[in-house]
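Add 983 to a position in the sequence shown, counting from 1, and you land on the number used in the working numbering.
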Amino acid sequence: MTASDFAYMYVREGRIPCRNKWERRENWTEGPPPLLSQPRKVPVWPIAMGSSVFVLIILAAAGTWVYGAYSMSDPTTVILAGIRIDDSRISVKMPTCQTDTVGTVEVYNSDSAKLLWRASGPKTFAGKRGSVTLWKAADFHKASPTTQPTTLPANLDVSVTFAGVEDGTGDVFNVPRVKAARIPDGQYWTRDGARSATQIDAQLKCNSDE
């Protein structure tokens, strides 16, 4: 609702029409009857409408200030995950702290939301710290299906859930873009360029890692 809509509604609800009363004097023979001696009432709706608009301006300014203060004190930070595609091998690196342990890994077709792979209980130290080779069932206590799709979707949605908590992280990767990129050995493709596993973890600024 705009300020003009509010003012319009206020006028419709709050305005009282003024009525000018006329009376005929004794022995009055011609001409229009005179007005009463009392002063004419001044409509109050212009004052009320002006006050309402002023209040709206004040509220809008206050809202803008609160939003600005919140944005500066709590900025939105994008945490990047990494991926490598070497022929049929697909490896990902999810950002973790030293206190995090990956419990479950899930891979979806981002376009259809179809689950492509789920694995739980990584066996390796690297897997527990977020470095995972997708569809490598031998690295997990439980994984299904055991085979990789013959054709990968254009966009892979990869996420991990940490053991013992409901927290986790993830990212969506464009497969053709990743395949076309030249990533140095030991690094992963991210939306902000190639990064190592250490650089990916460093985004979290974990207290135990500082």
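Note that the Cβ used here is the ideal one computed from N, Cα and C, for glycine as well.
In the structure shown, what three-state DSSP assignment does residue i receive?
{"i": "LYS929", "result": "With the chain running from 984 to 1193 in the structure shown, residue 929 is simply not present."}
{"i": "GLY1014", "result": "Any reading at GLY1014 must be qualified, since the residue scores a pLDDT of 46, below 50, and its modelled position is unreliable; the value itself is stated next. GLY1014 falls in the coil class under three-state DSSP."}
{"i": "THR1181", "result": "helix"}
{"i": "VAL1155", "result": "strand"}
{"i": "TRP1126", "result": "Sequence check: residue 1126 is Ala here, not Trp. Residue state, collapsed to three classes: strand."}
{"i": "VAL1061", "result": "coil"}
Determine whether the beta carbon atoms of residue i and residue j lie at a separation below 8 Å.
{"i": "ALA1126", "j": "ALA1146", "result": "no"}
{"i": "ALA1163", "j": "TYR1171", "result": "no"}
{"i": "VAL1161", "j": "ILE1068", "result": "yes"}
{"i": "VAL1075", "j": "GLY1086", "result": "no"}
{"i": "VAL1115", "j": "LEU1139", "result": "no"}
{"i": "VAL1143", "j": "VAL1090", "result": "no"}
{"i": "ILE1073", "j": "LEU1117", "result": "yes"}
On the premise that residue j lies in contact with residue i, defined as a C-beta separation below 8 Å, what is that separation, rounded to the nearest angstrom?
{"i": "LEU1099", "j": "PRO1132", "result": "6 Å"}
{"i": "GLY1153", "j": "VAL1141", "result": "6 Å"}
{"i": "GLY1110", "j": "THR1079", "result": "No, GLY1110 and THR1079 are not in contact; Cβ-Cβ is about 11 Å, not under 8 Å."}
{"i": "ALA1120", "j": "THR1129", "result": "5 Å"}
Identify, in the order they occur along the chain, each residue of the same chain with its Cβ nearer than 7 Å to the Cβ of residue i, setting aside the five sequence neighbours on each side.
{"i": "ASN1092", "result": "LEU1099, PRO1136"}
Looking only at its own chain, which residues have a Cβ that is under 6 Å from the Cβ of residue i, when we skip the five neighbours before and after it?
{"i": "HIS1124", "result": "GLY1104"}
{"i": "CYS1189", "result": "CYS1080"}
{"i": "LEU1187", "result": "PRO1078, CYS1080"}
Ignore the nearest five residues each way along the sequence and tell me which others in residue i's own chain have a CB closer than 8 Å to its CB.
{"i": "ASP1175", "result": "LEU1063"}
{"i": "SER1179", "result": "GLY1169, GLN1170, TYR1171"}
In chain order, which continuous runs of the alpha helix (DSSP H) of length 4 or greater are located wholly inside the region 1068-1113?
1108-1111
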